[in-house]
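Let me begin by presenting the structure, written as structure tokens, before commenting on it.
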Amino acid sequence: MVRAPRFDKYGIKKGKWSEEEDNKLRAFVEKYGHRNWRQLPTLAGLSRCGKSCRLRWMNYLRPNMKSGNFTQEEEDVIVDIHNKLGNKWAIMAAKLPGRSDNDIKNYWHTRLKNRVPKDRTHDQVFKNEQIGSSKPNPTTGFRSNLEQLQQQEVAVLVAVLSSKSPSSSSTTEPSPCWSTGSNHDDADSTKIMPWFSEPSESFWNEPFLLDDDAIISSYDNILSPMWC
DNA sequence: AAAGCCTCCAACCGCAGGGAA
DNA sequence: TTTCCCTGCGGTTGGAGGCTT
């Protein structure tokens, strides 16, 4: 079900993550955070690119990640947002704590896509909007129609993000907003994520000390691009 | 039993936006 | 102002496992 592990020409591992790699990544991020995904794999002793580490963390290793089937409520949220905004998986993920954009995207493609009438999708709405206004307004033209639609999208987006998420009423689960880098500031991050403690200042100023000498020596010989 | 097909999802890839230099 | 780097997003793919014939 997943890609077989392999190494690219730079020695960067690709494919399925092992339990050991997961543990290394989880331990490192929980201890030091993830300010620099590009350097993180080197510091954490992983033969992965930063992008791969970020994806793994965001999709599976984050605290409070849910597994298993989507509830009817979650499904409704996905369909509703898709009708309004289209394939905005990150926005849907922000509304569904514990679900990643990848989860939602997969769920849409495998379960929901064929269930939702095509003429109700955002893309079709967008097309209809353009077809319906095939005679451009002599004073404003097509561009303003598009801008108007974009303004409507922004309004919907604001409404979606400002409304309560389905599970927030029944749980005390932290808001996923931290994961999108919005709607919070650093001062609040420890409240939102009790597990996320700001690393001590010395961490960012002092050289990182690893237990494994081999990793330290390899750090000096990084020739491959760390980001894919 | 086995071959072929289908489904699902973890992971990869490329692009765009924002910020720093 | 321009260029470069980093990050996040959305589309696509690889391939294991299940199903059908």
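Read in order, the letters of the first sequence correspond to residues 264 to 491 in this note's numbering. Quick reminder that beta carbons are idealized off the backbone N, C-alpha and C, glycines included. Just so you know, these numbers come straight off a predicted model, no measurement behind them.
Per-residue DSSP class, three states only, for residue i
i: Lys276; result: strand
i: Phe291; result: helix
i: Gly313; result: helix
i: Lys358; result: helix
i: Ser438; result: Legend: pLDDT at Ser438 = 38, less than 50; position of this residue unreliable, value from coordinates given subsequently. In the structure shown, Ser438 sits in coil (DSSP, three-state: anything other than H, G, I, E or B).
i: Glu283; result: helix
i: Lys329; result: coil
i: Thr334; result: coil
i: Trp352; result: helix
i: His345; result: helix
i: Asn365; result: helix
i: Arg319; result: helix
i: His297; result: coil
Beta-ladder partner(s) of residue i, from DSSP
i: Arg269; result: Lys277
Through-space distance from residue j to residue i, alpha-carbon basis
i: Asn350; j: Tyr370; result: 12 angstroms
i: Ile535; j: Asp285; result: Beyond the ends of the chain as shown, which are 264 and 491, falls residue 535; an answer cannot be given.
i: Glu282; j: Phe291; result: 14 angstroms
i: Thr334; j: Val340; result: 10 angstroms
i: Ile354; j: Pro360; result: 11 angstroms
i: Thr305; j: Arg311; result: 8 angstroms
i: Asp271; j: Lys314; result: 14 angstroms
i: Lys294; j: Gln302; result: 15 angstroms
i: Leu375; j: Ala267; result: 28 angstroms
i: Tyr323; j: Ile344; result: 23 angstroms
i: Asn346; j: Gly308; result: 43 angstroms
i: Val342; j: Arg325; result: 25 angstroms
i: Ala357; j: Lys276; result: 30 angstroms
i: Lys279; j: Leu348; result: 32 angstroms
i: Trp300; j: Lys287; result: 14 angstroms
i: Arg269; j: Leu318; result: 17 angstroms
i: Glu336; j: Arg289; result: 30 angstroms
i: Asn327; j: Tyr273; result: 34 angstroms
i: Ser330; j: Arg362; result: 8 angstroms
i: Met321; j: Thr373; result: 21 angstroms
i: Gly296; j: Asn332; result: 29 angstroms
i: Glu338; j: Cys316; result: 28 angstroms
Residue i CB to nearest heavy atom of the ligand SAM below 6 angstroms
i: Gly274; result: Looking at this structure, you won't find the ligand SAM or any other ligand, since it has none at all.
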